[in-house]
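This note's numbering runs 584 ahead of the 1-based position in the sequence shown.
No residue lacks a Cβ here, since even glycine has one placed at the ideal position from N, Cα and C.
Taking it in order: structure first as structure tokens, then the write-up.
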Amino acid sequence: MDEVRGFVMDGAGGAEVVAPEGRTIAALQPATGFVWVCIDFSSPAGFQWLQEAGLDPIAFAALTAEETRPRCTVHGEMVLMNLRGVNLNPGAEPEDMVSLRLCVMERVIVSCRRRPLQALDDVREGMRPGRAPVTQGDLIARIALRLADRAEPVVARLNERLDDLEEAVGAQVDGDLRRELADVRRVSSVLRRFMFPQRDALTTLEIEELGWLTNRDRSRLREAAERVTRLGEDLDAIRDRAQVVRDQVVDIRAEAMNRQMLVLSVVAAIFLPLGLLTGLLGINVGGVPGAEVPWAFWAVCALLLAICGFQIWLFRRLKVLG
């Protein structure tokens, strides 16, 4: 069943598929090597196996927790790890990361997930004869490296999207560009939130004194931690670049707003004295000059045009217009 799958590693690069249904952790332990049990605990069969496998209560609670963050906790010779991988399932968002829970014991590793995780499929497909993991640390390092492999194209696509935004922001700023920029910032922030804790979890495992961790395992775990660190730093750079682009967008919009306000201010400044003059001549009291002169209206119009022309000349000379 896909919900419960088992692989026995002989410690020499060989792997054999086994059926762990109905068998406890103690019954699964091989004489040499170790066994890897993959559980989809969102299925009834997977959850039932976890309940009946004879797991430590702490391990059972960690493997079935609703919310997890990357971490590594050591209980004697047992290690509890949470890792995260990008969600590459059809119709899913990559930043909706899939949680992988690991319980590592002396000769048994139990991995649990709720949703399909392509990195695990990569590890299983790579277990060709003579190429299977030799130790538990080797398997964890492979999983961590495959998780990084799957995350790298996602981060690269974010860089490409940001490159396009940086080129487009100089031409125009519209609603689509702002939405795309907001999406890049959101995705990079979500991915970054899990990368550095994942690095810390791998580093913690590397430095622990565990009998099943070899020097080669520690070296590979260090390499996995460095790759996760690089991904986190790339996401930091993306976030900083996105902030620069956002500042440019804000500056462009502020500049456009200032130009519009300047035009409105100039128009108001031109019509202010004209309105004052026409309002003064339109008051309903005696003594208004030109009231009895037939050509007085045209004289006032000519005066208004002259005042308007003088203002436009003055504003151009002050470099407020043009």
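Worksheet item: Is the CB-CB distance between Gly816 and Met779 below 7 Å?
Response: The residue you call residue 816 lines up with position 232 of the sequence shown. The residue you call residue 779 lines up with position 195 of the sequence shown. Between Gly816 and Met779, the CB-CB gap stays under 7 Å.
Worksheet entry | DSSP state of Met585 mapped onto helix, strand, coil | As a first step, residue 585 must be located in the sequence shown, where it is residue number 1. Per-residue confidence for Met585 stands at a pLDDT of 45, beneath the threshold of 50, marking its modelled position as unreliable; the derived number appears in the next sentence. Here Met585 carries a coil assignment [DSSP, helix/strand/coil].
Worksheet item: Would Ser626 pass as a contact of Arg698 if the rule is Cβ separation under 7 Å?
Response: Start at 1 with the first residue of the sequence shown, and residue 626 comes out as number 42. Start at 1 with the first residue of the sequence shown, and residue 698 comes out as number 114. Cβ atoms of Ser626 and Arg698: closer than 7 Å.
Worksheet item: Using the rule of at least 16 other Cβ atoms within 10 Å of the residue's Cβ for burial, across every protein chain shown, is Met841 buried or exposed?
Response: Position 257 of the sequence shown, counted from the first residue, corresponds to residue 841. Around the Cβ of Met841, a 10 Å sphere holds fewer than 16 other Cβ atoms; the residue is exposed.
Fill in: Environment of Gly630 [buried if 16+ CB atoms lie within 10 Å]
Counting from one through the sequence shown, the residue named residue 630 turns up at place 46. Under this definition Gly630 is a buried residue.
Worksheet item: For the alpha helix (DSSP H) that contains Ser773, what are its first and last residues?
Response: Translated into the one-based positions of the sequence shown, residue 773 becomes position 189. Looking at the DSSP string, the run of the alpha helix (DSSP H) that includes Ser773 is 759 to 791.
Worksheet item: Who are the Cβ neighbours of Ala716 in its own chain at under 7 Å, not counting the five residues just before and after it?
Response: Here the question's residue 716 lines up with position 132 in the sequence shown. Correct list, in chain order: Met593, Gly597, Gly598, Ala599.
Worksheet item: To the nearest whole angstrom, what separates the beta carbons of Val602 and Gly617, a pair I think is in contact under 8 Å?
Response: Within the sequence shown, the letter at position 18 stands for residue 602. Within the sequence shown, the letter at position 33 stands for residue 617. The beta-carbon separation of Val602 and Gly617, rounded to 12 Å, does not stay under the 8 Å limit for a contact.
Worksheet item: Does DSSP put Ile822 in a helix, a strand or coil?
Response: The count along the sequence shown starts at 1 and reaches residue 822 at position 238. Ile822 sits in a helix when the DSSP states are folded into three classes.
Discussion item. Give the list of continuous alpha helix (DSSP H) stretches no shorter than 4 residues that lie fully inside the stretch 666 to 730.
Written reply: Counting only runs of at least 4 residues, the stretch 666 to 730 fully encloses the following alpha helix (DSSP H) elements, listed from N- to C-terminal order: 702 to 709.
Practice prompt. Please work out which residues of its chain come closer than 8 Å, Cβ to Cβ, to Val833, disregarding the five sequence neighbours upstream and downstream, and give them in chain order.
Written response: One-based indexing of the sequence shown puts residue 833 at position 249. Contacts found: Val753, Val757, Leu761, Arg762, Leu765.
Worksheet item: Can you list, in chain order, the residues of its chain whose CB lies under 6 Å from that of Cys622, leaving out five sequence neighbours each side?
Response: Indexing the sequence shown from 1 puts residue 622 at position 38. Correct list, in chain order: Arg589, Ser695.
Worksheet item: Do Val670 and Val739 come within 7 Å of each other at the CB atom, strictly closer than that value?
Response: Taking the first residue of the sequence shown as position 1, residue 739 is located at position 155. Taking the first residue of the sequence shown as position 1, residue 670 is located at position 86. Contact check for Val739 against Val670 fails: the beta carbons are separated by 7 Å or more.
Worksheet item: Residues in its own chain within less than 8 Å of Gly871 by CB, not counting five upstream and five downstream?
Response: One-based indexing of the sequence shown puts residue 871 at position 287. Taken in chain order, the list of residues that qualify is empty.
Worksheet item: Helix, strand or coil: how does DSSP classify Trp620 here?
Response: Reading the sequence shown from its first residue, position 36 is the one you call residue 620. If DSSP states are grouped into helix, strand and coil, Trp620 belongs with the strands.
Fill in: According to DSSP, residues forming a beta bridge with Met593
What you label residue 593 is simply residue 9 of the sequence shown in a count that begins at 1. The partner list for Met593 (beta bridge, DSSP) reads Ala599, Phe618.
Discussion item. Within the continuous alpha helix (DSSP H) that includes Arg900, where are the two ends?
Written reply: Walking along the sequence shown from the start, residue 900 turns up at place 316. Its alpha helix (DSSP H) spans residues 880 to 901.
Worksheet item: From which residue to which residue does the alpha helix (DSSP H) around Pro641 run?
Response: As a working mapping, residue 641 is identified with position 57 in the sequence shown. Residues 641 to 647.
Discussion item. Closest to Leu746 by C-alpha separation, out of Pro641, Ala853, Ala883, Ala826, would be which residue?
Written reply: For the purposes of this step, residue 746 is taken as the residue at position 162 of the sequence shown. Per the C-alpha coordinates, the member of Pro641, Ala853, Ala883, Ala826 positioned closest to Leu746 is Ala826.
Worksheet entry | Exposure label - Arg769; buried when at least 16 CB within 10 Å | Numbered from 1 along the sequence shown, position 185 holds the residue referred to as residue 769. Result: buried.
Fill in: Exposed unless 16 or more other CB atoms sit within 10 angstroms - verdict on Met585
Translated into positions along the sequence shown, residue 585 becomes position 1. Summary for Met585: the model assigns pLDDT 45, below 50, so the residue's position carries little reliability, and this model does not support an answer.
Worksheet item: Taking contact to mean at least 3 C-beta pairs separated by less than 8 Å, is the stretch 710 to 726 in contact with the stretch 800 to 816?
Response: As far as the Cβ criterion goes, the stretch 710 to 726 touches the stretch 800 to 816, which means the pair count is three or higher.
Discussion item. Rounded to whole angstroms, what is the Cα-Cα separation between Ala852 and Pro873?
Written reply: As a first step, residue 852 is located in the sequence shown; it is residue number 268 there, counting from the start. As a first step, residue 873 is located in the sequence shown; it is residue number 289 there, counting from the start. Distance between the alpha carbons of Ala852 and Pro873: 27 Å.
Practice prompt. Can you check DSSP and say which residues form a bridge with Met662?
Written response: Locating residue 662 in the sequence shown gives position 78, where the first residue counts as 1. Listed as beta-bridge partners of Met662 by DSSP are His659.
Worksheet item: Under 7 Å between the Cβ atoms of Glu790 and Arg806?
Response: In the sequence shown, counting from the first residue as 1, residue 790 sits at position 206. In the sequence shown, counting from the first residue as 1, residue 806 sits at position 222. By the CB criterion at 7 Å, Glu790 and Arg806 fall inside the cutoff.
Discussion item. Please report the straight-line C-alpha distance between Leu610 and Met662, rounded to a whole angstrom.
Written reply: Translated into positions along the sequence shown, residue 610 becomes position 26. Translated into positions along the sequence shown, residue 662 becomes position 78. Leu is not the amino acid found at residue 610; the sequence shown has Ala there. Rounded to whole angstroms, the gap between the alpha carbons of Ala610 and Met662 is 14 Å.
Discussion item. Buried or exposed for Ile529, going by 16 or more other Cβ atoms inside 10 Å?
Written reply: A question about residue 529 goes unanswered here, because the residues of the chain that appear run from 585 up to 906.
Item to complete: Report back the beta-carbon spacing between Thr648 and Leu634 to the nearest angstrom; my notes put them in contact at under 8 Å.
Response: The count along the sequence shown starts at 1 and reaches residue 648 at position 64. The count along the sequence shown starts at 1 and reaches residue 634 at position 50. Contact between Thr648 and Leu634 holds: CB atoms are separated by about 6 Å, below the 8 Å threshold.
Worksheet entry | Whole-angstrom distance between Glu751 and Ala890, CA atom to CA atom | Along the sequence shown, read from residue 1 onward, the residue named residue 890 stands at position 306. Along the sequence shown, read from residue 1 onward, the residue named residue 751 stands at position 167. Between Ala890 and Glu751, the C-alpha separation is close to 47 Å.
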